[in-house]
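Written out below as structure tokens is the structure these notes cover.
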Amino acid sequence: MADREPNVRHEARAARNVSAASAAHLHRSDDAWDAEPQDKDIVPLTRAEAEKLFGPKVSRPARVTPFKVVIAQMVLSLVATLVWWLFYKPPGAAALSAFLGGAICWVPSALFAARLKKGSGAETILSWMIGEALKMGVTVAMFVAIAYWYHDVRWLPLLVTYLIALKTYWVALAWH
Numbered sequence: 001m002a003d004r005e006p007n008v009r010h011e012a013r014a015a016r017n018v019s020a021a022s023a024a025h026l027h028r029s030d031d032a033w034d035a036e037p038q039d040k041d042i043v044p045l046t047r048a049e050a051e052k053l054f055g056p057k058v059s060r061p062a063r064v065t066p067f068k069v070v071i072a073q074m075v076l077s078l079v080a081t082l083v084w085w086l087f088y089k090p091p092g093a094a095a096l097s098a099f100l101g102g103a104i105c106w107v108p109s110a111l112f113a114a115r116l117k118k119g120s121g122a123e124t125i126l127s128w129m130i131g132e133a134l135k136m137g138v139t140v141a142m143f144v145a146i147a148y149w150y151h152d153v154r155w156l157p158l159l160v161t162y163l164i165a166l167k168t169y170w171v172a173l174a175w176h
């Protein structure tokens with residue numbers, strides 16, 4: 001048994017060397033692939049080819065705008081508020097909580113949409129990231145403010161209405 005132990009160590013070391021060599025080879029291959037000019041082979045589609053491939057509606061502008069999504073969020077929030085008013089006892093606190101839950105969703109979305117409209121059309125990834133960070137910050141601040149100042153909050157209507165309004169993005173995406 002004592003004579004086997006060095007062989008086991010030798011095999012492990014050989015396996016490490018092989019894996020290191022293959023990793024170095026893969027690394028060199030990746031570098032060579034990245035160095036090749038890739039854009040020379042790209043041929044843009046003509047309008048006719050795009051319409052044939054994607055259908056005749058490919059070049060029309062999107063029907064769903066950020067402000068339409070915000071309006072849909074507001075409408076769904078008001079409908080959910082009405083439902084909570086009609087079917088929850090006591091109705092007043094539940095309806096107000098539901099409305100606030102919807103507002104937690106559509107107020108930051110409206111601020112983000114206004115920020116997009118104010119932009120000069122030269123939005124960058126950083127601009128979008130800042131807008132999303134502001135949107136999340138306003139959302140968290142509204143949750144904290146409601147929890148701190150509105151002591152009669154009904155969490156179930158608030159959270160359910162917030163989630164309904166939040167899912168409006170998926171409905172708008174499916175609609176498009």
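Read in order, the letters of the sequence shown correspond to residues 1 to 176 in the UniProt record's numbering. Backbone N, C-alpha and C define an ideal beta-carbon position, used for all residues, glycine too.
C-beta contact flag for M142 and W106 at 8 angstroms: no
Quick check on T65: does DSSP put it in helix, strand or coil? The three-state secondary structure of T65, taken from DSSP, is coil.
Excluding the five sequence neighbours on either side, which residues of its own chain have a C-beta within less than 6 angstroms of the C-beta of A94, listed in chain order? W84, Y88, R154 and P157
Quick one: what does DSSP say G55 is sitting in, helix, strand or coil? Here G55 sits in coil by DSSP.
Is it buried or exposed, F54, if we count other Cβ atoms within 10 angstroms and call 16 or more buried? exposed
Counting only runs of 4+ residues fully inside the segment 86 to 141, write out the alpha helix (DSSP H) ranges in chain order. Whole alpha helix (DSSP H) segments, 4+ residues: 91 to 118.
Measuring CA to CA, which of L100, S97 and K135 is closest to R115? K135
Bounding residues of the alpha helix (DSSP H) (the contiguous stretch that carries T161): W155 to L166
Is DSSP giving residue 179 helix, strand or coil here? Residue coverage of the chain in this structure runs from 1 to 176, which leaves residue 179 outside it and unanswerable.
Buried versus exposed, by CB contacts within 10 Å (16 or more), I104: buried
Please state whether DSSP places L76 in a helix, a strand or coil. helix
Among the candidates G92, V69 and S127, whose CA atom is the shortest distance from the CA of L173? Comparing Cα positions, the closest option is V69.
On the criterion of 16 or more Cβ atoms from any shown chain inside 10 Å, does L82 qualify as buried, or is it exposed? exposed
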